[in-house]
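Protein chains in written order, with the UniProt record's numbering: chain A, 1 to 215; chain B, 1 to 215. Think of the CB as a built atom: it goes at the ideal place given N, C-alpha and C, for glycine as much as any other residue. Quantities reported herein were computed from a predicted structural model and do not represent experimental measurements. Heads up: the structure comes next, in structure tokens.
Number of protein chains: 2
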Amino acid sequence: MLEKMKYCRSFEAGQTVIWAGDETSFVGSVVSGIATLTQTMEDGRSQMVGLLQPSDFVGRPGRDGAVFNVIAVSDLVMCCFRKKQFEDLVHSTPHIAQRLLEMTLDELDAAREWMLVLGRKNAREKIASLLSIFARRDASSSSNAREGRLEFDLPLTREAMANYLSLTLETVSRQISVLKRDGVIQLQGKRHVIVPDLDRLLIEAGDDDDGGMIV
Amino acid sequence: MLEKMKYCRSFEAGQTVIWAGDETSFVGSVVSGIATLTQTMEDGRSQMVGLLQPSDFVGRPGRDGAVFNVIAVSDLVMCCFRKKQFEDLVHSTPHIAQRLLEMTLDELDAAREWMLVLGRKNAREKIASLLSIFARRDASSSSNAREGRLEFDLPLTREAMANYLSLTLETVSRQISVLKRDGVIQLQGKRHVIVPDLDRLLIEAGDDDDGGMIV
DNA sequence: CGACCGATTGACTTGTCTCAAATACGGTGG
DNA sequence: CCACCGTATTTGAGACAAGTCAATCGGTCG
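This is the structure we're talking about:
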């Protein structure tokens, strides 16, 4: 059913997919590439409030105007549905509403966890937290899971990272240099990151889930 | 149907309603009082990630463990349902899942808007933003809507405000003093706030929706 | 009255921002 | 293949907003 309705749209890096305030006629999900959800103030200050990766859902069934800007960070392919049709489908297919609810609850948890990052972590921990997100994503999807060692490409520029972490790009750059100096990460070029020890990175991020007590 | 299942629980101010990590056997909504959603780090730093007011929903159908602490800030009455029963109801009544989805989307928007507050606003704007939330809530529910003038009681201590805004309580106190000195607000005692001009407050908060350009 | 808790205020420290300059990188055209 | 350009990034020096530590004040409750 969804298959029949869907169509694809492509966006170039830097292109705005949805403007805050605009009426959107479609919902969809990311097929490939990365996009950001951004909130902006009148004086130009802006804050990234979400990072959209493949399989993430975009749009809000039952809502008219978008609240945030959606911007393609890399070249982006989305799989879209006309909103009206999609909403009808939600009404006629209870299972879909439940699935959407689950996804939205996950996003809400992620947003709230990010509030802790923004509010209470220092610059070094913020960078480590962001790197952890990329690392985890790659750890699950790729094959390079050799005993805690990981590598991946940063999908964001320093500026975009700064915007997500609520820092300046200078501070991002400095803290990446410090983490490199301290051996938490290694760099190949500006974008390719090697994490020799994922646990170490997680501890640096301040979420030492694994119970790594620093006595 | 819901009526038959519901039961009430009361909590005293300061009491923890739900511990992060615990399995919760109920979902519910706030009847009266205020509660906070709080995220904590191992070293004790914590960040409030949500403020629960009357009519707000608590709990996550389909999820086992809670992710955040829920703490009663004032005396609190909640109307609860056993989670299992509620989930069955969600499955059998499509309309409920749709309603929950809408509420969750609203919460997600609110969380993301708060990320802008945490990430990009300075202390003065943060305080003004928080006061705006209380003011708006009271403006809609009460009768004191005399030409932009409003008054209300702060439901939170300075410490709790600091925790929500990601500031220290000293900074909260100082900025409240400054807003008072500048005539943006007046205080009666420590908790009762008078807002002579709501538009002014909104401008101070940085979200000048009304287009109030400061040339 | 005295103890206690929340709030205010002050003096000093510090992490991050700001402004500025230098450097590396990727792509383009000769 | 190389020189050149624009953009992304790094690095430095100084400024400033908010944090920290500490003292005081005010109200409330036993």
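Item	Value
Rounded to whole angstroms, how far is the Cβ of A/A111 from the Cβ of B/L154, which I believe are closer than 8 Å?	No, A/A111 and B/L154 are not in contact; Cβ-Cβ is about 25 Å, not under 8 Å.
Name the chain B residues that come within less than 9 Å of A/G62, Cβ to Cβ?	Q98, L101, E102, L105
Around the Cβ of B/A205, are there at least 16 other Cβ atoms within 10 angstroms (buried) or fewer (exposed)?	buried
Within 9 Å of any Cβ in chain B, is that where the Cβ of A/S166 sits?	yes
Enumerate in chain order the residues of its own chain whose CB-to-CB distance from B/S166 is below 7 Å, with the five nearest sequence positions on each side excluded.	Q47, L118
Suppose only complete runs of 3+ residues qualify. What are the beta strand (DSSP E) ranges in the UniProt domain "Cyclic nucleotide-binding" (1–107) of chain A, listed by chain order?	7–11, 16–18, 26–32, 35–40, 46–52, 69–72, 76–82
On the premise that A/G59 lies in contact with A/V27, defined as a C-beta separation below 8 Å, what is that separation, rounded to the nearest angstrom?	3 Å
Within 9 Å of any Cβ in chain A, is that where the Cβ of B/P94 sits?	yes
Let me know the beta strand (DSSP E) ranges lying completely inside the UniProt domain "HTH crp-type" (121–199) of chain A, each 3 residues or longer, listed in chain order.	150–153, 186–188, 192–195
Closest Cβ-Cβ distance between B/C8 and chain A: below 9 Å?	no
Using a Cβ-Cβ distance under 9 Å, would A/A123 count as near chain B?	no
Check each candidate in A/A66, A/G189, A/V193 and name the one with the smallest Cα separation from A/D22.	A/A66
Rounded to a whole number of angstroms, what is the C-alpha to C-alpha distance between A/Y7 and A/V30?	12 Å
Cα-Cα, which of B/S25, B/T16, B/M41 is closest to A/L202?	B/M41
How would you list, in chain order, the residues of chain A whose beta-carbon sits under 7 Å from the beta-carbon of B/V108?	Checking the sequence, you will find Leu at residue 108 of chain B rather than Val. The contacting residues are T104, E107, L108, A111.
What number of angstroms, rounded off, separates the C-alpha of B/S103 from the C-alpha of A/G50?	The displayed chain sequence assigns Met, not Ser, to residue 103 of chain B. Roughly 19 Å between the two C-alpha positions.
Can you pull out the residues from the segment 76–93 of chain A whose beta carbon lies closer than 8 Å to at least one beta carbon of chain B?	V90, H91
Against chain A, does B/R120 count as a neighbour if the rule is that its beta carbon must be under 9 Å from one of theirs?	yes
Count the other C-beta atoms from every protein chain shown that fall within 10 angstroms of the C-beta of B/N69, then say buried if there are 16 or more, exposed otherwise.	buried
Less than 8 Å between the CB atoms is what I'm expecting for A/T171 and A/A162, so what's the real figure, rounded?	7 Å
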